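Each residue of the sequence shown is one higher than the one before, counting from 703 in the numbering used here. A short worksheet on the structure shown next.
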Amino acid sequence: MLTALLAPCANTNSTTAAKAAAPARDIGKPPTAEQAFESMALHVKSVRAERAVTAEDDPNHLMGRPGQYTSKVVFTDIRIPQADAQMY
703 MLTALLAPCA
713 NTNSTTAAKA
723 AAPARDIGKP
733 PTAEQAFESM
743 ALHVKSVRAE
753 RAVTAEDDPN
763 HLMGRPGQYT
773 SKVVFTDIRI
783 PQADAQMY
């Protein structure tokens, strides 16, 4: 399983179809992990969502705490052998 830090970046070669297929979100708020994953999955076809982590099952017990993260998604990339993948 993989964990990734996602940050928005500009792509001047984006197609109208990809923009139309992007998940809708409130522009005033940062994307949730689920929204960021959906957007990434539009362009990286080898990723698969495993599950969304909740505050109740967060192994780090940091979700929602001050200065920590507000959402988290566990996902895999089929290009990486399972034996080489680690969850951080």
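Glycine included, C-beta positions come from ideal geometry on N, C-alpha and C. Nothing here was measured: the structure is a model prediction, and the numbers come from that model.
Pairwise C-alpha distance: residue j and residue i
i              : j              : result
arginine 753   : valine 776     : 5 Å
methionine 765 : threonine 734  : 12 Å
methionine 742 : proline 732    : 15 Å
aspartate 760  : isoleucine 729 : 27 Å
arginine 750   : alanine 785    : 17 Å
CA nearest to the CA of residue i, picked from the options
i                 : options                        : result
isoleucine 780    : Ser748, Met765, Gln770, His763 : Ser748
glutamate 758     : Ser773, Asp786, Gly769         : Ser773
phenylalanine 739 : Thr778, Met765, Ile729         : Thr778
tyrosine 653      : Arg750, His745, Thr756         : Any question about residue 653 goes unanswered here, given that the chain covers just 703 to 790.
Where the beta strand (DSSP E) containing residue i begins and where it ends
i             : result
glutamate 752 : 749-755
threonine 778 : 774-779
N-terminal and C-terminal residue of the alpha helix (DSSP H) that residue i is part of
i              : result
methionine 742 : 735-745
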